[in-house]
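Engineer: The structure follows.
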Amino acid sequence: SQTIHQWPATLVQPVGSPLSLECTVEGTSNPNLYWYRQAAGRGLQLLFYSVGIGQISSEVPQNLSASRPQDRQFILSSKKLLLSDSGFYLCARGTVHGYTFGSGTRLTVV
Amino acid sequence: KQEVTQIPAALSVPEGENLVLNCSFTDSAIYNLQWFRQDPGKGLTSLLLIQSSQREQTSGRLNASLDKSSGRSTLYIAASQPGDSATYLCAVEEADRGSTLGRLYFGRGTQLTVWP
């Protein structure tokens, strides 16, 4: 199974509050993991990727950070949310057989 | 940097029509190309994956072709149904350049509506 679990499904947070989105994956060990964001009217943007525990690479400068404390766990965080952080956040794993995506978290910052 | 374009942005057709969705990319050095479907408010569901050495893949009523040299892919949907209504996304994975990771570059998608 290549199932990806994301939670929560929906989140409404005030500006300045912290954020923690969790992604866990099933299947083979040492997966390549990714966080993407889909903002309204825009395409999918790669935020972070990880090839192993503790290994995080950031694609764009932003208000967010990511961590990988366990092989199959990928966490997206923020200390203080901005209005511009609103969007649909998707976790994904990539293999030679293509990418699999989770069901996403809809984040609205108010 | 790889740029992916999808045409048309939106398409509305009656049930039963055969459809062609287009995807173009600027850098032909790709590892593979993947077509996804996204229903409103949902994640992405993989439809077809074409490796760079392949020319096409088929799954049921779906057929995807790849012409890497010209930077084009098409997704053909036969005998469309209302249940096919969704946004279809094309994504290319950059070729491995010495790392274990290839990035996915997405188009903006084609929003398809099939009406009964």
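For the record, the sequence lines run as chains B and H.
Read in order, the letters of the first sequence correspond to residues 1 to 110 in our numbering.
Read in order, the letters of the second sequence correspond to residues 111 to 226 in our numbering.
Note that beta-carbon positions come from the ideal geometry of N, C-alpha and C, so glycine has one too.
These figures come from a predicted structure and were not determined experimentally.
(1) Assess, as a yes-or-no matter, whether the region 11-27 of chain B is touched by the region 175-194 of chain H under the definition of 3 or more beta carbon pairs within less than 8 Å.
(2) Can you give me the Cβ contacts of Val130(H) inside the same chain, cut-off strictly under 7 Å, excluding the 5 residues immediately before and after it?
(3) Going by DSSP, which residues form a beta bridge with Gln116(H)?
(4) Count the other CB atoms within 10 Å of the CB of Gln55(B); is the residue buried (16 or more) or exposed (fewer)?
(5) Taking 8 Å as the threshold, find out whether the region 91-102 of chain B comes into contact with the region 25-41 of chain B through three or more Cβ pairs.
(6) Which residue wins for smallest C-alpha separation from Ser29(B), given the options Thr3(B), Thr108(B), Leu64(B), Gln38(B)?
(7) Taking the beta carbon of Gly27(B) as the centre, do at least 16 other beta carbons fall within 10 Å, making it buried, or is it exposed?
(8) Please list, in chain order, the residues of the region 26-45 of chain B that have any C-beta partner in chain H closer than 7 Å.
(9) Using the rule of at least 16 other Cβ atoms within 10 Å of the residue's Cβ for burial, across every protein chain shown, is Leu82(B) buried or exposed?
(10) Determine, using beta carbons only, whether Ser86(B) and Leu107(B) come nearer to each other than 8 Å.
(11) Run through chain H and tell me which residues come within less than 8 Å of Arg106(B), C-beta to C-beta.
(12) Please classify Leu83(B): does DSSP put it in a helix, a strand, or coil?
Structural biologist: Once the coordinates are examined:
(1) no
(2) Thr184, Tyr186
(3) Cys133(H)
(4) exposed
(5) yes
(6) Thr3(B)
(7) exposed
(8) Asn32, Gly43, Leu44
(9) exposed
(10) yes
(11) Gly151
(12) helix
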